[in-house]
Amino acid sequence: MRIPVIAGNWKLFKTIGEAVAMVRELKPLVEKCEDVEIVVAPVFTALSRVSDVIACSNVKLAAQDCYWEEEGAFTGEVAPKLLKDAGCGYVIIGHSERRQYFGETDLTVNRKTKAAIAAGLQAIVCVGESLAERESDQTFSVIETQITGSLAGLSAADFGQVIIAYEPVWAIGTGKTASDDQAQEVHAFIRQLVAKLADQSVADAVRILYGGSVKPDNVKGLMSQPDIDGALVGGASLKAESFAAIAAFNS
Ligand code: 13P
Numbered sequence: 002m003r004i005p006v007i008a009g010n011w012k013l014f015k016t017i018g019e020a021v022a023m024v025r026e027l028k029p030l031v032e033k034c035e036d037v038e039i040v041v042a043p044v045f046t047a048l049s050r051v052s053d054v055i056a057c058s059n060v061k062l063a064a065q066d067c068y069w070e071e072e073g074a075f076t077g078e079v080a081p082k083l084l085k086d087a088g089c090g091y092v093i094i095g096h097s098e099r100r101q102y103f104g105e106t107d108l109t110v111n112r113k114t115k116a117a118i119a120a121g122l123q124a125i126v127c128v129g130e131s132l133a134e135r136e137s138d139q140t141f142s143v144i145e146t147q148i149t150g151s152l153a154g155l156s157a158a159d160f161g162q163v164i165i166a167y168e169p170v171w172a173i174g175t176g177k178t179a180s181d182d183q184a185q186e187v188h189a190f191i192r193q194l195v196a197k198l199a200d201q202s203v204a205d206a207v208r209i210l211y212g213g214s215v216k217p218d219n220v221k222g223l224m225s226q227p228d229i230d231g232a233l234v235g236g237a238s239l240k241a242e243s244f245a246a247i248a249a250f251n252s
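Under my numbering, read the sequence shown as residues 2 to 252, first letter to last.
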């Protein structure tokens, strides 16, 4: 049984005050949501304050990135253990925006993932093809390269701290969601890849989230697919009401 995860990636939005106000509004709206992990990922500067507000609630905290070293002369970076210190249980790694604008590669994603696991965080590892790659029938080869590179060298136990997010780049922020079938096809493929990298029981247990224009009105269809175990939500996670409606997909 895979517990679904509904995670909100707030990207570069919200001041500390706005982030705190959002989770104050969100908490009562989702307090009755059962059998689902609800996660929000504010900017670094808001993590600690948001952590205080969501303590003793069913809303959990993620960061949007981390570095792979624990400490040292690495100006501007944030180590996984500092994210734990700020109250995070999760960290998003390798989001397509980081791959596209900040030079993130499968190798850096792999290092960050291992460091996050070592620090006791759940790593939400993102993969996804661009529009050009989909249109030239490279979706499966791109996903295979990203998954095998990003998750290389993980033990079966490590996979217990990995959540995979499939986010087709062409569906992010565009309003064009992958169809239920398109998403399911890639999720099933990713699960097979995990079975090859680890084993079938690991593959059966790993949560695979879909991301890309998830909204209250399309989440049910996506979540009804056998290999879709949750959503990584951008735009619709910024408002308490729409994010709560997504988190309540099963009610
Ligand atoms: P949107 O939901 O705004 O398309 O963003 C998806 C995303 O990038 C979540 O990480």
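Ideal Cβ positions, reconstructed from N, Cα and C, are used throughout, including at glycine.
- The beta carbon of G236 is closer than 7 Å to those of G174 in its chain, skipping five residues each way along the sequence.
- Around the CB of L13, fewer than 16 other CB atoms lie within 10 Å, so the residue is classed as exposed.
- Between the ligand 13P and N111, a heavy atom-to-CB distance of less than 7 Å is absent.
- Between L198 and D230, the CB-CB gap reaches or exceeds 8 Å.
- In this structure, the straight-line span from the alpha carbon of V79 to that of V187 is close to 32 Å.
- Taking a cut-off of 8 Å on C-beta distances, the segment 75-92 touches the segment 117-132, as three or more cross pairs fall below it.
- C-alpha of G9 to C-alpha of I164: approximately 14 Å in a straight line.
- Counting C-beta atoms within 10 angstroms of its own C-beta, C34 has 16 or more neighbours from the protein chains shown and is therefore classed as buried.
- Boundaries of the beta strand (DSSP E) around Q123: Q123 to V128.
- At a cut-off of 7 Å, the beta-carbon of V234 counts as near the ligand 13P: some heavy atom of the ligand is closer than that.
- Of the residues V6, R99, F160 and Q101, the one whose Cα lies closest to the Cα of L62 is V6.
- Counting only residues of its own chain and dropping the five nearest sequence neighbours on each side, F250 has a CB closer than 6 Å to the CB of V220, K221 and M224.
- The Cβ neighbour count for E38, taken over all protein chains shown within 10 Å, is at least 16; the residue is labelled buried.
- Look at the beta carbons and you see the segment 65-72 not touching the segment 21-28: under three pairs across the two are nearer than 8 Å.
- Taking all protein chains in view, the Cβ of P227 is surrounded by fewer than 16 other Cβ atoms within 10 Å, so the residue is classified as exposed.
- L194 places its beta carbon less than 8 Å from that of E145.
- Of the candidates E71, A20 and V128, A20 places its Cα closest to the Cα of D53.
- Secondary structure note for E71: it is in no beta strand (DSSP E), with a DSSP letter that is neither H nor E.
- Taken from the Cβ of E242, every heavy atom of the ligand 13P lies 7 Å or farther away.
- Short note on S214: C-beta closer than 7 Å to some heavy atom of the ligand 13P.
- Around the beta-carbon of R3, fewer than 16 other beta-carbon atoms lie within 10 Å, marking it exposed.
- Per DSSP, reduced to three states, the secondary structure at G150 is helical.
- When beta bridges are read from the DSSP output, V6 appears opposite E38 and G231.
- Under the three-state reduction of DSSP, L62 is assigned to strand.
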